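First up is the structure itself, then whatever we jot down about it.
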């Protein structure tokens with residue numbers, strides 16, 4: 002019993018580290034939400050410049066498998082739908098990137 006308590010204590014992370022991680026996650030979430038808002042704004046204005054769209058969509062895509070926004074998957078799927086209508090030739094490569102991020106997220110969950 003005493004040994005189990007010692008092992009649990011060894012596995013505890015310092016409170017400051019946990020607070021730092023929580024703060025970092027919050028910052029990442031805010032950054033991704035801002036990028037998603039700008040991405041939606043560009044889509045609303047029918048932006049066709051892929052470099053401009055990718056600048057924001059890449060930030061959102063990073064949230065699919067990493068820390069950050071809980072809405073990243075939905076936001077990126079909406080971006081894919083937009084691409085399929087506006088720049089159809091770019092839909093397939095972007096969908097492959099999205100599916101790869103989903104696989105990474107699944108691997109991390111295991």
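Numbering (the numbering used here), first residue to last: 2 to 111.
Note that beta-carbon positions come from the ideal geometry of N, C-alpha and C, so glycine has one too.
Here the structure is a predicted model, which means the values were calculated and not measured.
In this structure, how does DSSP classify residue i when only helix, strand and coil are distinguished?
{"i": "residue 78", "result": "helix"}
{"i": "residue 22", "result": "helix"}
{"i": "residue 88", "result": "coil"}
{"i": "residue 15", "result": "coil"}
{"i": "residue 97", "result": "helix"}
{"i": "residue 47", "result": "coil"}
{"i": "residue 71", "result": "coil"}
Let me confirm a value: residue i is counted as buried when at least 16 other C-beta atoms fall within 10 Å, else exposed. Which label applies?
{"i": "residue 62", "result": "buried"}
{"i": "residue 21", "result": "exposed"}
{"i": "residue 80", "result": "buried"}
{"i": "residue 76", "result": "buried"}
{"i": "residue 14", "result": "exposed"}
{"i": "residue 86", "result": "exposed"}
{"i": "residue 93", "result": "exposed"}
{"i": "residue 84", "result": "buried"}
Under the assumption that residue i contacts residue j (Cβ atoms under 8 Å), give the Cβ distance between them as a whole number of angstroms.
{"i": "residue 65", "j": "residue 103", "result": "6 Å"}
Please state whether the Cβ-Cβ distance between residue i and residue j is less than 8 Å.
{"i": "residue 51", "j": "residue 88", "result": "yes"}
{"i": "residue 36", "j": "residue 60", "result": "yes"}
Taking CB distances under 8 Å as the criterion, tell me whether residue i reaches chain D.
{"i": "residue 50", "result": "Looking at the structure shown, chain D is missing, and only one protein chain is on hand."}
Give every residue of the same chain whose Cβ lies closer than 6 Å to the Cβ of residue i, excluding the five residues on either side of it in the sequence, and list them in chain order.
{"i": "residue 31", "result": "none"}
Under 7 Å Cβ to Cβ from residue i, same chain only, skipping five residues before and after it: list those, please.
{"i": "residue 48", "result": "54"}
{"i": "residue 74", "result": "65"}
Using a Cβ-Cβ cut-off of 8 Å (strictly less than) and excluding sequence neighbours within five positions of residue i, which residues of its own chain qualify?
{"i": "residue 96", "result": "81"}
{"i": "residue 43", "result": "53, 54, 57"}
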